[in-house]
Amino acid sequence: KAGVTQTPRYLIKTRGQQVTLSCSPISGHRSVSWYQQTPGQGLQFLFEYFSETQRNKGNFPGRFSGRQFSNSRSEMNVSTLELGDSALYLCASSIVSARTDTQYFGPGTRLTVL
Amino acid sequence: AQTVTQSQPEMSVQEAETVTLSCTYDTSENNYYLFWYKQPPSRQMILVIRQEAYKQQNATENRFSVNFQKAAKSFSLKISDSQLGDTAMYFCAFIVIQGAQKLVFGQGTRLTINP
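Going down the list, the protein sequences come from chains C and Y.
The first sequence lines up with residues 1 to 114 when you count with our numbering.
The second sequence lines up with residues 115 to 229 when you count with our numbering.
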């Protein structure tokens, strides 16, 4: 079974631009979570989607948004990019519940904001 | 607040040695799951081991085992017969069953296995 895939793997943007990252979960997994990883803040939860609905949201500004499609694929969008948004963005999928089912991570998208 | 503390930012051992990574966590919840994830250099994060808090028996996966002390809120990872491929960042994390469906991670321990 294929793992979690994320596209693109690398992105370079400039301040003020917006960006969309994509995540395809493991086949049969319906829950998708997003995390931001930075050297200073570590791994921080962004949001979690299930059945096209956002179930949970972390403490990030409204510039960070996401959505999930009927095939469970998910996208996250960051508008008006800031230098501090440079990070590795990780997507994780689980079967149904991010609480009780193990989350499997994708390789991440490394975003650099110049 | 829910937090995870990994007190060892870096560790280094020789191949074939046994190494223990420390992790303490804080939560007021009684039901949760604990995890150790491994993130090799420039590679994706993979699950090493998982422990259900309601289980007293410590989880094991081949060379990896945990020492789970619920009262002390401690969850250490022991790697036996360490191999070069074990070189990675190791993250301790937990998720509570009631409440937000998010993993809370520690800052990580960078483990280097030397030949």
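Ideal Cβ placement from N, Cα and C applies to all residues, glycine included.
The model shown is predicted, which means the values in this text are computed figures rather than measured ones.
Just to confirm, are residue i and residue j a CB contact at a threshold of 8 Å?
{"i": "C/R110", "j": "C/L83", "result": "no"}
{"i": "Y/A207", "j": "Y/L217", "result": "yes"}
{"i": "C/L90", "j": "C/Q18", "result": "no"}
{"i": "Y/E143", "j": "Y/Q212", "result": "yes"}
{"i": "C/S74", "j": "C/C23", "result": "yes"}
{"i": "Y/C137", "j": "Y/V162", "result": "no"}
{"i": "Y/S190", "j": "Y/V180", "result": "yes"}
{"i": "C/F45", "j": "C/G62", "result": "no"}
{"i": "C/I12", "j": "C/S93", "result": "no"}
{"i": "C/T20", "j": "C/N77", "result": "yes"}
{"i": "Y/Q116", "j": "Y/T141", "result": "yes"}
How would you write the range of the beta strand (DSSP E) that residue i sits in, first residue to last?
{"i": "C/S93", "result": "A87 to S94"}
{"i": "Y/N181", "result": "F178 to Q183"}
{"i": "C/S24", "result": "V19 to S24"}
{"i": "Y/Y151", "result": "Y146 to Q153"}
{"i": "C/L83", "result": "Run containing C/L83: none; DSSP gives neither H nor E here."}
{"i": "C/V4", "result": "Element bounds for C/V4: n/a, residue is neither H nor E."}
{"i": "C/F60", "result": "Careful: C/F60 lies outside any beta strand (DSSP E) and carries neither H nor E."}
{"i": "Y/K192", "result": "S188 to I193"}
{"i": "C/S33", "result": "S31 to T38"}
{"i": "Y/C206", "result": "A202 to V210"}
{"i": "C/S27", "result": "Note, C/S27: premise wrong, no beta strand (DSSP E); not H, not E."}
{"i": "C/G42", "result": "G42 to F50"}
Count the other CB atoms, across all protein chains shown, that sit within 10 Å of the CB of residue i; report buried if there are 16 or more and exposed otherwise.
{"i": "Y/I227", "result": "buried"}
{"i": "Y/V133", "result": "buried"}
{"i": "Y/K169", "result": "exposed"}
{"i": "C/V96", "result": "exposed"}
{"i": "Y/Q183", "result": "exposed"}
{"i": "C/G40", "result": "exposed"}
{"i": "Y/Y147", "result": "buried"}
{"i": "Y/L198", "result": "exposed"}
{"i": "Y/S156", "result": "exposed"}
{"i": "C/Y10", "result": "exposed"}
Quick one: measure Cβ to Cβ for residue i and residue j, integer angstroms, because I've assumed they're closer than 8 Å.
{"i": "C/R67", "j": "C/F50", "result": "About 12 Å; that fails the 8 Å criterion."}
{"i": "Y/M125", "j": "Y/L225", "result": "5 Å"}
Confirm the yes/no value for this check: CB of residue i, any heavy atom of the ligand GTP, distance under 7 Å.
{"i": "C/N77", "result": "With respect to the ligand GTP, the structure shown offers nothing to examine, as it has no ligands at all."}
- Check each residue of the stretch 3-25 of chain C: if its Cβ is closer than 7 Å to any Cβ of chain Y, include it; give the result in chain order. Those residues of the stretch 3-25 of chain C that come within reach of chain Y (Cβ to Cβ, closer than 7 Å) do not exist; the list is empty.
- Task: Could you list the residues in the stretch 156-168 of chain Y with a C-beta less than 8 Å from some C-beta on chain C, going in chain order?
- Result: Residues R157, Q158, M159, I160, L161 and R164.
- Message: Which residues of the stretch 188-218 of chain Y have a Cβ closer than 9 Å to any Cβ of chain C? Give them in chain order.
- Response: Going along the stretch 188-218 of chain Y in chain order, one finds F205, A207, I209, V210, I211, Q212, G213, A214, Q215, K216, L217 and V218 with a Cβ nearer than 9 Å to chain C.
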